[in-house]
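Visitor:
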Amino acid sequence: TIRLHNGSLIEFLGTVKELPMLGAGLQFVVFDEFPGIPYAVWYDIVRPMLIDCRGDSLFIGTVPDPIEYDITPEFIEMYEDALMKRYGYVGFNFPSSCNPYIDKGEIDKQVADLERKGRAIDAKRLYHGKYSREYGLVWPKFNKDIHTVEPFDIPGNWTRGMAVDPHPQKPGNALWVAIDPRGHYWFYREMEFSNDERPLTIPEASYTITMTEATAKEKISGRFIDPTYAKIEHTALGSKSVKDLFRDNGLNFLEGDRTFATFKHRMDDMLVDEPDPTFHIFRSCPNTIRQVSNYTWDSWASRKARSEKGKKDKPKKKDDDYVDCIKMVLNSNLRYIDINQFTAIRSHLESKWRENRIL
Numbered sequence: 040t041i042r043l044h045n046g047s048l049i050e051f052l053g054t055v056k057e058l059p060m061l062g063a064g065l066q067f068v069v070f071d072e073f074p075g076i077p078y079a080v081w082y083d084i085v086r087p088m089l090i091d092c093r094g095d096s097l098f099i100g101t102v103p104d105p106i107e108y109d110i111t112p113e114f115i116e117m118y119e120d121a122l123m124k125r126y127g128y129v130g131f132n133f134p135s136s137c138n139p140y141i142d143k144g145e146i147d148k149q150v151a152d153l154e155r156k157g158r159a160i161d162a163k164r165l166y167h168g169k170y171s172r173e174y175g176l177v178w179p180k181f182n183k184d185i186h187t188v189e190p191f192d193i194p195g196n197w198t199r200g201m202a203v204d205p206h207p208q209k210p211g212n213a214l215w216v217a218i219d220p221r222g223h224y225w226f227y228r229e230m231e232f233s234n235d236e237r238p239l240t241i242p243e244a245s246y247t248i249t250m251t252e253a254t255a256k257e258k259i260s261g262r263f264i265d266p267t268y269a270k271i272e273h274t275a276l277g278s279k280s281v282k283d284l285f286r287d288n289g290l291n292f293l294e295g296d297r298t299f300a301t302f303k304h305r306m307d308d309m310l311v312d313e314p315d316p317t318f319h320i321f322r323s324c325p326n327t328i329r330q331v332s333n334y335t336w337d338s339w340a341s342r343k344a345r346s347e348k349g350k351k352d353k354p355k356k357k358d359d360d361y362v363d364c365i366k367m368v369l370n371s372n373l374r375y376i377d378i379n380q381f382t383a384i385r386s387h388l389e390s391k392w393r394e395n396r397i398l
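Numbering (the numbering used here), first residue to last: 40 to 398.
1. Could you pull the start and end residues of the beta strand (DSSP E) that His319 belongs to?
2. Assuming contact is defined by CB atoms lying nearer than 8 Å, are Ile218 and Leu369 in contact in what I supplied?
3. Could you check which residue in Asp377, Arg42, Lys163 has the C-alpha nearest to that of Pro220?
4. Using the three-state DSSP reduction, which class does Val129 fall into: helix, strand or coil?
5. Measuring only the C-alpha atoms, how far is Trp336 from Phe181?
6. Can Glu320 and Thr101 be called in contact, C-beta distance under 8 Å?
7. My guess is that Tyr361 and Asn212 are in contact by the Cβ rule of under 8 Å, so how many angstroms apart are they, rounded?
8. Considering only their Cβ atoms, is the gap separating Asp71 from Ile99 smaller than 8 Å?
9. Taking the C-alpha atoms as reference points, what is the distance between Arg342 and Arg262?
10. Does the distance from the C-beta atom of Pro139 to that of Tyr166 stay below 8 Å?
11. Which one or two residues does DSSP pair with Gly200 in a beta bridge?
12. Starting from the C-beta of Ser136, find all residues in its chain whose C-beta is less than 7 Å away, skip the five residues before and the five after it, and write them out in chain order.
13. If Ala162 and Val150 are in contact, beta carbons under 8 Å, what's the gap, nearest whole angstrom?
14. Mind checking whether Gly289 and Ala202 have CB atoms under 8 Å apart?
15. Are the CB atoms of Tyr170 and Tyr126 within a distance shorter than 8 Å?
16. Look up Val68 in the DSSP assignment and give the residues it is bridged to.
17. Helix, strand or coil: how does DSSP classify Asn45 here?
18. What are the boundary residues of the beta strand (DSSP E) that includes Arg228?
19. Please go through the same chain and pick out, in chain order, the residues whose beta-carbon is closer than 6 Å to the beta-carbon of Glu113, but skip the five residues on each side of it.
20. Starting from the C-beta of Leu48, find all residues in its chain whose C-beta is less than 8 Å away, skip the five residues before and the five after it, and write them out in chain order.
21. For Trp81, name the three-state secondary structure that DSSP assigns.
22. Thinking just about the alpha-carbon of each residue, which of Asp358, Tyr375, Trp225 is nearest to the one in Asn333?
23. Less than 8 Å between C-beta atoms, sequence neighbours within five positions excluded: which residues of the same chain meet that for Gln330?
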């Protein structure tokens, strides 16, 4: 602690544990290397103390390697708001080019080398002092400019499927997919089971699905449902599972596979398939796009923290209804089926059967 002649105090405190001065008013606080500071220290402790005195704060930090060091995601959001001068924040950064003692030609060379190796994010972090929303994202390779498309008329011979993610306490969701002859997946319709006042019942949801598909003259080759709801009883409508209730209303669902590891590897491959990605979402599905874009790991902990504390990589179970639908579709291994070829084979087998030649 430093006491100035005018009676002011300058205190130097660590932030590993809660600050031992809760309740005191503060006029100015400087957070040094803020990306690794627990967000609760700022939001729950220091911020109210500043409010008491209408104080200000200054956050200073380098951009650490997210693989090796813990990153506090809320601070990245604050940084983004500051750059846009939102909510009273003002932000700035100093790239390496601002240092007169560093050769700018060498910087350009190093940046180009990192970008060539597919490490553009590291180049921004190391030489431009920029944080990235890609920290903590499950699919940082997902790009709205690349993986989303304007809606178009889907050819009638493409294979179609859909998945539902029901909920007992809130509206359920459904997502439709079309698979083209090349094996590309096009997620083209999303639906929330709600009439703006309450969640739809299973009969109402079934009717809505049936009428939507009938109006579009769609033939669905595979339907998938969260396996949890193949077992849970829907007490409001009798002692049957949600899957059974859908079946009673004319829709037969298979239990979807919720294995995350399989889904993760499949998505990783589809997003970067050559010569073109094989995963696409119609821009008429804004909620699906948002959920895939924002799908994050439950812990942004560093590799060191995960190894020492036993933390495991798993996605955050929040706002992921349409992601769960995608998971069930991809894990089902639903493929394109050439109806004409299938019909020809069937006709051939039926002909052989009639001739009593089939083995």
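Cβ atoms here follow ideal geometry from the backbone N, Cα and C, with glycine treated the same way.
Guide: With the structure as the only source:
1. 318–321
2. Between Ile218 and Leu369, the gap from beta carbon to beta carbon reaches 8 Å or more.
3. Asp377
4. coil
5. Taking the straight line from one Cα to the other gives about 15 Å.
6. What sits at residue 320 in the sequence shown is Ile, not Glu. Against a cut-off of 8 Å, the Cβ pair of Thr101 and Ile320 comes out as no contact.
7. 6 Å
8. yes
9. Here the model assigns Arg342 a pLDDT of 49, short of 50, so the residue's position is not dependable and the matter cannot be decided.
10. no
11. Its beta-bridge partners are Val216, Gly261.
12. Lys143, Ile146
13. 5 Å
14. no
15. no
16. Ser96
17. coil
18. 224–231
19. Tyr78
20. Thr40, Ile41, Arg42
21. helix
22. For the set Asp358, Tyr375, Trp225, the Cα lying nearest the Cα of Asn333 is the one of Asp358.
23. Asp358, Asp359, Asp360, Tyr361, Val362
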